[in-house]
Amino acid sequence: MDKCQGASVVVGNIRRMPKGARQPSGETAKPDDARDRILTAAESCITRYGLRKTTMEDIASEVGLSRPSVYRYFSDRDDLIIELMLLRSRAIRDRAHKLMARKTTLADQIVEGLLYAADQARVDPVMRYLIDAEATSLSQRLLISRTTETIASEFWDPFLDPAYVNGTLSRQISRPDVYLWLSSVGLMLMRGLNETNDPNRYRSILRNFVAPAFAAAKG
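Everything in the sequence shown is counted per this note's numbering, starting at 98 for the first residue and increasing by one.
Printed below as a string of structure tokens:
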């Protein structure tokens, strides 16, 4: 009988498990793998129960880990939700950028970006929690962690950067102020938009009251 059968074999620096051997459980998974699995489980629970009713116990059960194991990767529920929001916002961002890239002016890019992002976020089971009246503590955590600024910079910088360079946007207008203003407008749109609203009305409002601040005005 082959003495190697049933034992792990080391090839170089890599230890290969014998065929049919059990892989490490979730409790001993690599940190990045475990975090990804926890976030995926959280998305499933939120889709099933809604964000308000989803508990860390639900998420731990869904992913097949003990609750203390989940807390090794996320300090609390808000910490987990904040990271999930960052991931969801990036998915919306990628889709929005394809739409915005078709526009030739910064003003139009901003109008369409705001409309698309707000419309997508308001129906997203995680992102719509941003406008929940009970999410005050989470909103404060988002600000303290600078997650809102990260989301805004990743969303707008590809369009703001060339505008600052070519003079379309005055360098006297600070980037953090742009982030804050556009984030505030986006939240307003999330609260106002719904299936019965005419998006063209909001598009007109944005063109009249937001776009002029980003029109070509050198200074």
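Just so it is clear, CB atoms sit at the ideal spot from N, CA and C, and this is done for glycine as well.
- For Pro-255, the three-state secondary structure derived from DSSP is helix.
- For Pro-165, the three-state secondary structure derived from DSSP is helix.
- Taking a C-beta distance under 8 Å as the contact criterion, Ser-280 and Thr-245 qualify as a contact pair.
- Assignment of Pro-296 by DSSP, reduced to helix, strand and coil, places it in the helix class.
- A residue is called buried when at least 16 other Cβ atoms come within 10 angstroms of its Cβ; Gln-217 meets this threshold and is buried.
- The closest CA to that of Gln-269, considering only Phe-311, Arg-298, Pro-296 and Asp-295, is found on Phe-311.
- Annotated three-state conformation of Val-223 is coil, per DSSP.
- Rounded to the nearest angstrom, the gap between the Cα atoms of Ala-138 and Val-223 is 13 Å.
- Judged by DSSP in its simplified three-state form, Ala-193 adopts helix.
- Within its own chain, the residues whose Cβ lies closer than 8 Å to the Cβ of Leu-211, once the five positions on either side in sequence are excluded, are Leu-279, Val-282, Gly-283, Leu-286, Leu-303 and Val-307, listed in chain order.
- The stretch 248-262 and the stretch 179-187 touch, with three or more beta-carbon pairs separated by less than 8 Å.
- For the pair of segments examined, the stretch 128-147 was found to touch the stretch 170-184: the number of CB pairs separated by less than 8 Å reaches three.
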